[in-house]
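Beneath this line is the structure, given in structure tokens, with notes to follow.
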Amino acid sequence: MRTPQYIVETLPEQVKNDFLYWTEYMENNLVFHLPDSEWHTKGHCERVLLYALLIGVQVSGCGRDELRALAHASIFHDTCRQDDFLDVEHGARAASYYMKYCEQNKDLVFLEPAL
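Residue numbers for the sequence shown follow our numbering, beginning at 39 and rising by one.
Here is the structure:
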């Protein structure tokens, strides 16, 4: 985890628990295809996760299922980047990786996109 502990300790309990769980999950399980990136790193995805959960709880009033969807999107969204610049297909590649990952790893249930 790259987020300072003093920040984690100030989080609302629901956000803190989810943040710690999904950060550890990402660190231990996900592969990033651009490991030497200066910007699109696990640290970046960790920050996206933190902000997504905070916004989900404090602004949108999201429930457990919505927060889980935000967490999945946050930790997977930059996993398949090929460069740090205008990589317009990285989202589609990440979605494909997410689907395949869920098929192969039964500890993570694929969440169908809401339309």
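Heads up, the beta-carbon is just placed ideally off N, CA and C, and yes, glycines get one too. Just so you know, these numbers come straight off a predicted model, no measurement behind them.
Give every residue of the same chain whose Cβ lies closer than 6 Å to the Cβ of Leu108, excluding the five residues on either side of it in the sequence, and list them in chain order.
-> Ala90, Gly94
Margin query: Are the CB atoms of Leu92 and Val46 within a distance shorter than 8 Å?
Written below: no
Q. Skipping 5 residues on each side, what residues in its chain have a beta carbon closer than 7 Å to that of Ser112?
A. Cys83, Val86, Leu87, Ala90
Counting only the same chain and skipping the five closest in sequence on each side, list residues whose C-beta sits under 7 Å from that of Gly81.
-> Arg40
>> So, for Leu49: in the same chain, excluding its five sequence neighbours on each side, which residues have a beta-carbon less than 7 Å away from its beta-carbon?
In response: Phe57
For Asp74, which option in Pro151, Glu141, Gln142, Asp116 has the closest C-alpha, if you only look at C-alpha atoms? Asp116
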